[in-house]
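Each remark here refers to the structure printed beneath this line.
Residue numbers (full-length UniProt numbering): 1 to 250.
Put into structure tokens, the structure is as follows:
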């Protein structure tokens, strides 16, 4: 029971029975999800309940050229830095409205670049893309998927994609499930952050909380649904004895 409470507190009430059970199995304990759930109820450990994922729509009323939907909901990517998805979400803040642009590697599910600004404009996604490119330096031909928002179809953004030798892919009109992975991740971020901070007092507090969540918790510690007990960056760690690593890098 002590290890259950430890993992519950260590992940700041974000883990329920299934994920805590996986961690206990990793430590060598033989226990079922049902048993863990019973212990959690006895200790009155209530984890954060996720709200259902809701598809968000994008205002694409513009005359810019639209890239084809090359990704076409093929979310199971086997190589890192070959497919990135990007999206913008609203962050509530008492000090003024904020917008978060995030770039996700569709293979590892790592957030490879992000920016938080108070304006919803092209510079927001441009800077997030630049941060991702600077961090990962992907090879030519990376598939970049987004919705049809005017930020992604602007001349500045299209030119930057060409400079990076990336291929643009865009969701079909009226079908935002084509970018569901990154939109779902934004939903998770809000659920797990706003449980402790229903509304940030100012932009500085919002930035610090998001920085800590992405750079120290999500990328390096939080279990991903796709990879079981591994967080995104652990998949490519040289020190990790992970059977998935060889297949990802081969």
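We put the beta carbon where it would ideally sit given N, CA and C, even for glycine.
Presumed contact (8 Å Cβ cut-off) between residue i and residue j, rounded CB distance
{"i": "residue 70", "j": "residue 167", "result": "7 Å"}
{"i": "residue 126", "j": "residue 156", "result": "6 Å"}
{"i": "residue 105", "j": "residue 80", "result": "6 Å"}
Residue i: CB within 7 Å of a non-hydrogen atom of the ligand MN
{"i": "residue 230", "result": "Absent from the structure shown: the ligand MN. Ligands present: none."}
Among the options, the one whose alpha carbon lies nearest that of residue i
{"i": "residue 150", "options": "158, 78, 143", "result": "158"}
{"i": "residue 142", "options": "182, 161, 82", "result": "82"}
{"i": "residue 122", "options": "139, 96, 136, 154", "result": "154"}
{"i": "residue 192", "options": "65, 179, 222", "result": "222"}
Neighbour-count burial assignment, residue i, 16 or more Cβ in a 10 Å radius
{"i": "residue 133", "result": "buried"}
{"i": "residue 90", "result": "exposed"}
{"i": "residue 21", "result": "buried"}
{"i": "residue 208", "result": "exposed"}
{"i": "residue 232", "result": "buried"}
Alpha helix (DSSP H) segment containing residue i, residue limits
{"i": "residue 207", "result": "203-211"}
{"i": "residue 171", "result": "Segment: none, residue 171 is in no alpha helix (DSSP H) and carries neither H nor E."}
Alpha-carbon to alpha-carbon, residue j and residue i
{"i": "residue 94", "j": "residue 184", "result": "24 Å"}
{"i": "residue 74", "j": "residue 182", "result": "13 Å"}
{"i": "residue 102", "j": "residue 111", "result": "7 Å"}
{"i": "residue 124", "j": "residue 214", "result": "17 Å"}
{"i": "residue 219", "j": "residue 116", "result": "17 Å"}
{"i": "residue 137", "j": "residue 200", "result": "33 Å"}
{"i": "residue 269", "j": "residue 118", "result": "In the structure as shown, the chain starts at 1 and stops at 250, and residue 269 therefore has no counterpart that could be examined."}
N- and C-terminal bounds of the beta strand (DSSP E) containing residue i
{"i": "residue 71", "result": "Element bounds for residue 71: n/a, residue is neither H nor E."}
{"i": "residue 111", "result": "111-117"}
{"i": "residue 158", "result": "Not the beta strand (DSSP E): residue 158 falls in the alpha helix (DSSP H), residues 155-163."}
{"i": "residue 105", "result": "98-105"}
{"i": "residue 91", "result": "83-91"}
{"i": "residue 143", "result": "143-146"}
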